[in-house]
Amino acid sequence: MYSKGLAPLAAATVVTLTTAFALVFFYAPNDADQGFVQKIFYVHVPMAIVALGGFVAGGVFAIKHLRSGDSSWDMRSYVAIHQSIILGLGVLVTGAIWAKASWGHWWVWDEPVLVSFLVVFLLYCVYYPLRFSIEDRERQARYSSVFAITAGAFVPLNFVAVRMAESFTHPRVLSQTGGDLPGDMRLTFLVALLGMALLFVTLWKLELTAKHASMQLKKLRNRARVAA
Amino acid sequence: MPALPLDEAGKYVAGAYVVFVALILIYVAIIAAKIARIDRQISELVSEDDE
Chain V
1 MYSKGLAPLA AATVVTLTTA FALVFFYAPN DADQGFVQKI FYVHVPMAIV ALGGFVAGGV
61 FAIKHLRSGD SSWDMRSYVA IHQSIILGLG VLVTGAIWAK ASWGHWWVWD EPVLVSFLVV
121 FLLYCVYYPL RFSIEDRERQ ARYSSVFAIT AGAFVPLNFV AVRMAESFTH PRVLSQTGGD
181 LPGDMRLTFL VALLGMALLF VTLWKLELTA KHASMQLKKL RNRARVAA
Chain B
229 MPALPLDEAG KYVAGAYVVF VALILIYVAI IAAKIARIDR QISELVSEDD E
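Protein sequences appear in the order of chains V and B. For what it's worth, this note's numbering labels the leading residue of the first sequence as 1, then goes sequentially. For what it's worth, this note's numbering labels the leading residue of the second sequence as 229, then goes sequentially.
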C-alpha cells in the first residue's frame, strides 16, 4: 500500500544527497565571512526547513483524518511528526555545533531563531505522551489530530515571529528578494534541500510500510486465534 | 575547487555531517529491525498454519 514507488524514491534520494554533498565540498566556494565552517549551513538549514514542513504536513494529514475519519491519515500524520522530531533533533545538534564554531557558544538564549525552534521542538515532544497516554485507538487518533493541527498552525507563526525579530545574529538565508546567496552556493543549497525533502518522503514511506505490515500481521494473528 | 581543511573548522563541519549521517543510520537500523521482526512473525504464523 505505502511501499509503491519506494525503491526508485530511495535511489533518487541517494543520488540527490550524494550530489548535494559533492557540491558542498567540491563546488560551493568557502564563505568570505565564515570560511569553511559555513558548510554546516547546507545540512542544517535544509534539515530545519524540511522538519518544519513535516510538522505542517502532519497538521494537514490530521485535518484529513478528522474530515474523513480514516485512520490511515492519522498514521500519516503521526509518522510525519515523528520524522520531523528526528530531523528537529538533528537541527538542534548541528545548529549548536555551528554556533560553537562561529560564535564561540553552543547556545545563545537571546537569539529568536534558536529559541523559537527549540519551543516548536519541545511542543512536538509533548505529542508522544499525549498520544500514548490514550488507550482507545479512536480517541487516541482524534486527540492526536487536534494536537497536530493546533501545533501545525503554530509553525508558520514561529517563522513569521523570527522574521519580525530585531536581532540579526543568526544569518537570514531566504528573504523576499530571494536571499543574497551567490549562484553556486544557491544551487548547492537547493540540491541539498531537494535531497533532504526526498529523504524525508522516503523514510516516511518506509516507516508507514513497516507500520502497515505490523498492523496487517496483528489482524492475521487475531483471525488465526479466532479460527483456532 | 576548495580544499578540505582539517583544521579547527574542519572538526566542526565533520561533526555536523557525522551527526546527520548517524541520525539517519540509527533510524534506518531501527526500521530494519522492525521489518525483520515482522518477517520473523509472519514466518511463525505460516509455520503454525502449516501444522
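Glycine included, C-beta positions come from ideal geometry on N, C-alpha and C.
Residue i versus residue j - alpha carbon distance
| i | j | result |
| --- | --- | --- |
| Thr-19/V | Val-191/V | 8 Å |
| Ala-261/B | Tyr-255/B | 10 Å |
| Ser-271/B | Ser-145/V | 35 Å |
| Met-47/V | Val-274/B | 42 Å |
| Asp-70/V | Lys-64/V | 8 Å |
| Ile-263/B | Leu-217/V | 11 Å |
| Phe-55/V | Leu-199/V | 15 Å |
| Gly-243/B | Lys-219/V | 44 Å |
| Met-215/V | Arg-221/V | 10 Å |
| Pro-129/V | Asp-31/V | 42 Å |
| His-44/V | Trp-73/V | 29 Å |
| Arg-67/V | Ile-252/B | 33 Å |
C-beta neighbour in chain V for residue i, strict 9 Å
| i | result |
| --- | --- |
| Gly-238/B | yes |
| Glu-279/B | no |
| Leu-273/B | yes |
Any non-hydrogen atom of the ligand GTP closer than 8 Å to residue i Cβ
| i | result |
| --- | --- |
| Leu-198/V | The ligand GTP is not part of the structure shown, which contains no ligands of any sort. |
Sequence-distant residues of its chain with Cβ nearer than 6 Å to residue i (five each side left out)
| i | result |
| --- | --- |
| Thr-209/V | Tyr-2 and Ser-3 |
Within 9 Å, strictly: CB atoms of residue i and residue j
| i | j | result |
| --- | --- | --- |
| Phe-117/V | Val-79/V | no |
| Met-196/V | Leu-87/V | yes |
| Leu-17/V | Lys-205/V | no |
| Lys-100/V | Trp-109/V | no |
| Ile-97/V | Ile-40/V | yes |
| Ala-148/V | Ala-62/V | yes |
| Ile-259/B | Leu-203/V | yes |
| Leu-123/V | Gly-95/V | no |
| Ala-201/V | Thr-13/V | The question names Ala, but residue 201/V in the sequence shown is Val. Yes, these two residues count as a Cβ contact at 9 Å. |
Minimum Cβ-Cβ distance from residue i to chain B less than 9 Å
| i | result |
| --- | --- |
| Lys-219/V | no |
| Phe-185/V | In the sequence as displayed, the identity of residue 185/V is Met instead of Phe. Taking Cβ atoms only, chain B never reaches closer than 9 Å to Met-185/V, which makes this a no. |
| Leu-199/V | yes |
| Trp-98/V | yes |
| Leu-181/V | no |
| Gly-207/V | Looking at the sequence itself, residue 207/V is Glu, so the reference to Gly does not match. True, the Cβ-Cβ gap to chain B drops below 9 Å. |
| Ile-63/V | no |
| Ser-77/V | no |
| Val-113/V | no |
| Val-93/V | yes |
| Ile-86/V | yes |
| Ala-101/V | yes |
| Ser-214/V | yes |
| Ala-153/V | no |
| Ala-210/V | yes |
Own chain partners of residue i with C-beta closer than 7 Å, once the 5 adjacent residues on each side are dropped
| i | result |
| --- | --- |
| Thr-182/V | For clarity, residue 182/V is Pro in the given sequence; the question names Thr instead. Excluding residues within five positions, none has a Cβ falling inside 7 Å. |
The region 239-259 of chain B: positions lying closer than 8 Å to chain V by Cβ: Tyr-240, Val-241, Gly-243, Ala-244, Tyr-245, Val-247, Phe-248, Leu-251, Ile-252, Tyr-255, Val-256 and Ile-259
Chain B contacts from the region 11-45 of chain V (Cβ-Cβ distance under 8 Å): Phe-21, Phe-25, Phe-26, Tyr-27, Ala-28, Pro-29, Asn-30, Gly-35, Phe-36, Val-37, Lys-39, Ile-40, Val-43 and His-44
Contacting positions in the region 47-61 of chain V - beta carbon closer than 9 Å to chain B: Met-47
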